[in-house]
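For reference, the structure is listed below as structure tokens.
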Amino acid sequence: MDSEWEFYSMRERWGDIAGVRMFLYTHVLYLRNKTELWTARVAGRYASPVALPARDAFRVRVADYDGTPTLGQYLLHEARIAQRLPHHPNLARFRGCLLDGGQITGLCFDRCAETLTERMRRRGPVDVASTMAQLGAAVAHLHAQDIVHNDVCEDNVMFADRDGGHVVLVDFDSCAARGGGLPRKRGPTAPGATSSEFENDHVGLQLVHRKLLRYERDMRRNLWA
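In terms of the numbering used here, the sequence shown is residues 2 to 226.
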């Protein structure tokens, strides 16, 4: 890979094909010249970023990336947050960093099966009350450390097992101390928000709850249709 390219992150994508859970592709993000974020879909599974093939032609620029912060700042920030957090069963468990030449190239967390978005897309089982209780417990644990998540959404809610109900809140790179600046990379926030406040996460929780209630109603209609 050219020196202008930096690895940002990678995540395996899975889906249902004819009722069978199958690996689809590896979704990779790259940072180019520290100002441009590019995305790629790569065939195959890879144990580390070093093993990824260098295929520039498959990279597509993410147009809305504003260039800040850099890859190193993202990784270092998320690593610091993850190390600071006391363990909680409903927060992604941090296991350490991937290093290459003394530099952090990735972060390691316990593997989860699928996001809430993916489960709803495949019409899988979701206990709304239990899911919201666990998600609320995760957010409350963050707030007890005076940390705001700033990106509570269904894409950052994961299930530990494919059909289980154990919920885990992931993705800490938008986290900030309460009262601190509002990160550019963020999810839903309170109307008029200009700083990281607990209300931002409360808004995210409310939106997730609404989507779950809608999903529950749709599932019941389909059951009796």
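Glycine included, C-beta positions come from ideal geometry on N, C-alpha and C.
Query: Cα-Cα, which of 109, 161, 126 is closest to residue 90?; Result: 161
Query: Can you tell me the Cβ-Cβ gap for residue 183 and residue 191, rounded? I've got them flagged as a contact below 8 Å.; Result: Residue 183 to residue 191, Cβ: 10 Å. No contact.
Query: Answer with buried or exposed for residue 45, where buried requires no fewer than 16 other C-beta atoms within 10 angstroms of its C-beta.; Result: exposed
Query: When you compare each of 206, 12, 221 to residue 28 by their alpha carbons, which one comes out closest?; Result: 12
Query: Give me the DSSP bridge partner(s) of residue 115.; Result: 160
Query: Taking all protein chains shown into account, do 16 or more other C-beta atoms lie within 10 angstroms of the C-beta of residue 207, making it buried, or fewer, making it exposed?; Result: exposed
Query: Assuming residue 218 and residue 198 are in contact, meaning their beta carbons sit under 8 Å apart, how far apart are those beta carbons, in whole angstroms?; Result: Incorrect: roughly 31 Å between the Cβ atoms, too far for contact.
Query: Check whether the stretch 170-179 touches the stretch 119-134, counting contact only when three or more Cβ pairs, one atom from each stretch, lie closer than 8 Å.; Result: no
Query: Go ahead and pull the three-state DSSP assignment for residue 150.; Result: coil
Query: Can residue 163 and residue 175 be called in contact, C-beta distance under 8 Å?; Result: no
Query: With 16 as the cutoff for other CB atoms within 10 Å, does residue 88 come out buried or exposed?; Result: exposed
Query: Go to residue 169, then tell me how far its beta strand (DSSP E) extends in each direction, as first and last residue.; Result: 168-170
Query: Counting along the chain, where does the alpha helix (DSSP H) carrying residue 132 start and finish?; Result: 129-145
Query: For residue 224, tell me which candidate among 165, 126, 200, 185 has the shortest Cα-Cα distance.; Result: 126
Query: Which residues does DSSP pair with residue 92 in a beta bridge?; Result: 170
Query: Would you check if the distance between the CB atom of residue 38 and the CB atom of residue 47 is smaller than 8 Å?; Result: no
Query: Give the secondary structure of residue 9 by DSSP, where H, G and I count as helix, E and B as strand, and everything else as coil.; Result: strand
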